[in-house]
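Heads up, the thing below is written out as structure tokens.
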Amino acid sequence: MRGQRTDRSRGTVGGPLETDELQRLFERGYSLSSKRFLAETWGVAPESEYDVVAAQVNKPAISKKRLAKVDKLERVTMSQVAASGGRMRGENLRRDLLLRGFGDTDPVLRALVEQLLLIPLPNPGESELDIETLLEMDSFLQRDLALPVPLKELLSDEAEMLGPEAIDAWSGDIQLLQTTSIDILELNLLHLASQLQQETLRLNIDGTPNRRSLARFGRGISFPRTASPDDPAASQQAGEAGDSLDLNDVFQLDYLTFLLALSLELGFVVTRDQSVAGLLEGTEAFFLADVSARNRLLSAAFRGLQFWSETESLSLARAGGPADSERHFSQFEPTGEPLIGARGYVLSVLKRARVTQWTPVKAMIDLCAQLDKNYLPRALNKVEPPVEARRYIDAVLRHGLIWLGVIEFGLSDDQVEMMRVTPRGAQLLGMKVDVDPDALDPNAQQDGCMVVQPNFEVMLFLDPAPLEVVYRLYEVGQRAKLSERVANFHLSAESVQRGLGMGLTADAIINTLSTYSHAPVPDSVAFQIRDWERVHRKLQLFANGVLLRHPDPDKLDLLLGQLRHAQRDDQGNDTFESYRLGPESAFLACDNPPGLEKLVDQQDGLLIDYLGEIPPSLYFVDILEVMIDPLETDIVTLSELDKIADRLDDSTPRQRFYELNIDKIRERWPENPLKGVEAFFDARTDGGLPPAQALKFRGLLDKPLEAIISREVTVVVLENAQIADRFVEIPECQPLIERRLGETAFAIKRGHEEELNELLEELGIILSE
Amino acid sequence: MASDAKPIIHRGVALMICENAAILEETLISIDLSGLDIQRIGGRAIVAPAYQLQPIRRALQERGMFPKLIGDIIQPDYFEQQDALAQAERLAAAAGEETSESSQTDSTEESA
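Chains A and B supply the protein sequences, listed in that same order. Counting from 839, one number per residue, gives the positions in the first sequence under this note's numbering. Counting from 57, one number per residue, gives the positions in the second sequence under this note's numbering.
Listed below in structure tokens is the structure:
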């Protein structure tokens, strides 16, 4: 197959260098030395007139003669310029030659400019251009290079004929190998973010996602497919993973890690300690934005990926082993951070190369490696383990840009691996793309893209549905199924009330469904959504706030006023939010309101912090009898006392008495009641559990305590503990000793006093009374 | 009113507030909160330590109630997480000390 070459004259202005133009350039643009250089090189005297030199350059016979002397690669290079109209920017010529698989052509280009077969032209408005200086400074690629007219004509016909094998492979029948789309990526991101808003993803100690937790999110993900040339149908998206999810498959785990890392950069999720949770604000901002804004956000997020590395991803895929690279999958390890610069470089090369037509992958890698030879090695020098530039480019193309949906891979019918930028990918890269006037506006309202059924199922056709509608359905529904390009959502009390909790109203939900539904929303569905809203309004939860209490309602009002004042900003704006729960109590919907600490200090207030240490509030007034001030006692202690004690009748509003109930204590801590009760009272009694109470608990909950009273006892006290230890080791002593009393004394059995005296005398111990 | 009366501030508290007292009664009858430490405040609210909000939510959800939630949830294993964090910090600090000690030893040896 010989491919049909497309016109690659991008950036070219004008055609070959004609005699008149050259003569004008001699007069204004070139220096005299440039004219002399051109004259000598093209075979006329250096001092010849402008018109003579210009005419010489454009003589067909001379051009033919000079052309016969160039080598094949030089001829191909000139053909490329001829095919582009006879004039090209040096950088573009070099880039196109790279893309066509010619590799590094710098020496060839230099040789052609030195021979002035490619003539560097002055920039518009420039005068006194010195071609030799240009060569010395190696800056000729930043100029337009033009062929004389005869050379262009001689080469035009063979432009299509010349070139290495790579030329032959860049068009024709291409079999798609790997493809996904940005639309599918966005749907996956939306699904993941939506799930993470409802349930956090647990992380292991090393930061890797907990497999069981991840599996719950992974089942709804649509993984990119790799098709084999023998099975073209497999390249199509077959819907969500469902039961085929296998987190031991390195590819699936890797893709999920990629989605997580991208979600983190996009602000859809946040890592908190050992979990990843969804964020409503970031998700909403993205999915309600128009396509161009989303493209920009996706591009920036991909460049800035910190917690996923394309090089490690490619290594894992090629190793083919189990997914056991903890570092790569860890949400604590910024493995992708050192690659941010390199990633941006490859994206910018892709943008400049504008490869919207099929191009050999190898040529693209050559282009990225050659376009700025020094940048990539420099950008990659901090990466550990070291990665070579070409390998990095390979990784970012295969594991990153394909998953992002920016490029797709294919195979030519002569088995050359090809790639091209997808239409949406071109927009994401910031290329100027011609807008198809017949194409659907992705932001436009597409009525009839869903069907709302009486059984609360919503069938959504993804292709015509704007992303905002998909997002709205995720807010109020649970995606039950995704097959091909149809998603089924189920509306339930939970999902709709979740949407209401996000700030939606029943009318807004019904309005969205009505606008996009193919048929009117069934009355039963509309009625139920309104009823769910009624139930939803009945209750409200505050996750973490402050309960402020004071026995004097007027004083409480003053304190609330003080806190309100402390929260006021410089402009006098008031964001203070409090709820009066009763005459003595108010709730502040803020976990640490400004001015609270000051208020505690000034008013000698009692601060009970449930996320810190609880102050003691309990007093023992008798054996197994306690007293509390209910207002100053924390909720947990109050609740526990009701579980382990009986309230006594002589209680007052500020003094409540309880008699501890041993049966209830056993019931409350069935495993180890003694340990439970000791821990409870130790923490809540000033100075810890009193010893008398501790003994009482031990006697009642463990075993009855015993004591012996000994009368008329003989006690022998030795000089120190060491002597006492030796004494007790003497075999004759042991039958005499009743028990040891402390370190140095022993009680002697009654009736053995005589034997003791004899033994002491024998040991030479002097007795004293 | 007693002259020594002072304010009592409970921090780290979760609140469930209902539209009216009847709804609170109805809700408390329909859900099982027996294992939790809750306290009724006034006619239409209950409070609990913030780390006990999740079980309350779960109990409500089991009855088909998904109320609006304001603020970030404190997980029930908050104290275990804090302990683990403190332990990790202690270990990191100990490792840091060891490293600085060994580097000091190295530099002493070098200067010797």
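Don't be surprised by glycine CBs; every beta carbon is placed ideally from N, CA and C. Predicted, not measured: the structure shown is a model, and the values here were computed from it.
**Request:** Output the distance between the C-alpha atoms of Q1074(A) and R1063(A), rounded to the nearest integer angstrom.
**Result:** Summary for Q1074(A): the model assigns pLDDT 47, below 50, so the residue's position carries little reliability; its value from the coordinates is reported in the next sentence. Straight-line Cα distance between these residues: approximately 7 Å.
**Request:** Classify R1578(A) as buried or exposed, calling it buried when 16 or more other Cβ atoms lie within 10 Å of its own Cβ.
**Result:** It counts as exposed.
**Prompt:** Applying the criterion that 16 or more other CB atoms from any shown protein chain within 10 Å of the CB defines a buried residue, is G91(B) buried or exposed?
**Reply:** It counts as exposed.
**Own chain residues within Cβ distance below 8 Å of G1537(A), not counting five before or after** = L1543, listed in sequence order.
**Prompt:** In chain order, what residues of the region 1381–1395 of chain A put their CB closer than 8 Å to some CB of chain B?
**Reply:** Look at the region 1381–1395 of chain A: the residues with a C-beta under 8 Å from a C-beta of chain B are A1381, N1382, G1383, V1384, L1385, L1386, R1387, H1388, P1389, D1390, K1393 and L1394.
**Message:** Can you check which of these residues, I1043(A), L1085(A) and E1422(A), is closest to R1054(A) by C-alpha distance?
**Reply:** Each of I1043(A), L1085(A) and E1422(A) was checked against the Cα of R1054(A), and the nearest Cα belongs to L1085(A).
**Asked** How about K1376(A): is its C-beta nearer than 9 Å to some C-beta of chain B?
**Response** Chain B has a Cβ within less than 9 Å of the Cβ of K1376(A).
**Prompt:** Where does I126(B) fall in DSSP's three states?
**Reply:** In the structure shown, I126(B) sits in a strand (DSSP, three-state: E or B).
**Rounded separation between E1593(A) and L1574(A) - CA only** = Cα-Cα distance, rounded: 8 Å.
**Request:** Identify the continuous alpha helix (DSSP H) that holds D1488(A) and give its terminal residues.
**Result:** Looking at the DSSP string, D1488(A) is not in any alpha helix (DSSP H), and its letter there is neither H nor E.
**Message:** Applying the 10 Å Cβ sphere with the 16-neighbour rule, what's the burial state of A150(B)?
**Reply:** When all chains shown are included, A150(B) counts as exposed.
**Message:** On the criterion of 16 or more Cβ atoms from any shown chain inside 10 Å, does G928(A) qualify as buried, or is it exposed?
**Reply:** Buried is the label assigned to G928(A), since at least 16 other Cβ atoms lie within 10 Å of its Cβ.
**Prompt:** Is H1328(A) helix, strand or coil by DSSP?
**Reply:** Looking at H1328(A) - three-state DSSP - the assignment turns out to be strand.
**Message:** DSSP three-state label for S1352(A), please.
**Reply:** DSSP places S1352(A) in helix when its eight states are reduced to three.
**Prompt:** From the beta carbon of G1315(A), is the nearest beta carbon of chain B less than 9 Å away?
**Reply:** Against chain B, the CB of G1315(A) has no partner CB under 9 Å away; the residue lies outside that interface.
**Request:** Give the range of the beta strand (DSSP E) segment to which I1446(A) is assigned.
**Result:** Run containing I1446(A): L1444 to D1447, per the beta strand (DSSP E) assignment.
**Item:** Proximal chain A residues relative to Q137(B), where beta-carbon distance stays under 8 Å
**Value:** By Cβ distance, chain A contributes D1111 and Q1112.
**Message:** If you measure between the beta carbons of I65(B) and L1434(A), is that distance less than 9 Å?
**Reply:** In this structure, I65(B) lies near L1434(A), with their beta-carbon atoms less than 9 Å apart.
**Asked** How many Å lie between L1023(A) and A1303(A) at the Cα?
**Response** Rounded to whole angstroms, the separation of the alpha carbons of A1303(A) and L1023(A) is 15 Å.
**Asked** Should D1436(A) go down as buried or exposed, given a rule of 16 or more other Cβ atoms within 10 Å for buried?
**Response** Going by the sequence as given, residue 1436(A) is Lys instead of Asp. So K1436(A) ends up on the exposed side.
**Asked** Can you tell which of G1182(A), D1301(A), A1318(A) and G1174(A) has its C-alpha closest to the C-alpha of A1079(A)?
**Response** Measuring from the Cα of A1079(A), the nearest candidate turns out to be A1318(A).
**DSSP-derived helix/strand/coil call for H1388(A)** = Three-state DSSP puts H1388(A) in coil, outside helix and strand.
**Item:** Any chain A beta carbon closer than 9 Å to E75(B)
**Value:** It does; some Cβ of chain A falls within 9 Å.
**Request:** Return the first residue and the last residue of the beta strand (DSSP E) that P105(B) is part of.
**Result:** P105(B) -> beta strand (DSSP E) spans A101 to P105.
**Asked** Is any beta-carbon of chain B found at less than 9 Å from that of D1412(A)?
**Response** Closer than 9 Å to the CB of D1412(A) there is not a single CB belonging to chain B.
**Request:** List the DSSP bridge partners of V1259(A).
**Result:** Answer is I1245(A), bridged to V1259(A).
**Identity of the residue in R1506(A), L1027(A) and R933(A) nearest A1207(A) by Cα** = Distances from the CA of A1207(A) to each of R1506(A), L1027(A) and R933(A) were compared; the closest alpha carbon is that of R933(A).
**Message:** Threshold first: 3 residues or longer. Then list the beta strand (DSSP E) segments lying entirely within the region 959–994 of chain A, N to C.
**Reply:** Qualifying beta strand (DSSP E) stretches, in chain order: 982–984.
**Request:** Measure how close the beta-carbons of L1300(A) and V1308(A) come, nearest whole angstrom, since I'm counting them as under 8 Å.
**Result:** Rounded, the Cβ-Cβ distance is 7 Å, consistent with contact.
**Prompt:** Who are the Cβ neighbours of F1125(A) in its own chain at under 7 Å, not counting the five residues just before and after it?
**Reply:** Within its own chain, the residues whose Cβ lies closer than 7 Å to the Cβ of F1125(A), once the five positions on either side in sequence are excluded, are L1028, L1305, E1306 and Y1309, listed in chain order.
**Message:** Spatial neighbours of S1168(A) within its chain, please: C-beta separation below 7 Å, excluding the five flanking residues on both sides.
**Reply:** Hits under 7 Å: D1044, G1045 and T1046.
**C-beta atoms of R1522(A) and T1475(A) nearer than 9 Å** = Against a cut-off of 9 Å, the Cβ pair of T1475(A) and R1522(A) comes out as a contact.
**Prompt:** In whole angstroms, what is the alpha-carbon distance linking N1411(A) and A1404(A)?
**Reply:** The alpha-carbon atoms of N1411(A) and A1404(A) are separated by roughly 11 Å.
**Prompt:** By the 10 Å Cβ neighbour count, where 16 or more other Cβ atoms means buried, how is L1605(A) classified, buried or exposed?
**Reply:** Looking at its Cβ environment, which holds fewer than 16 other Cβ atoms inside 10 Å, L1605(A) is exposed.
**Where the region 1226–1244 of chain A meets chain B: residues whose CB sits under 9 Å from a CB there** = Near chain B, meaning a CB-to-CB distance below 9 Å, no residue of the region 1226–1244 of chain A qualifies.
**Asked** Should A990(A) go down as buried or exposed, given a rule of 16 or more other Cβ atoms within 10 Å for buried?
**Response** In the sequence as displayed, the identity of residue 990(A) is Lys instead of Ala. Under this definition K990(A) is a buried residue.
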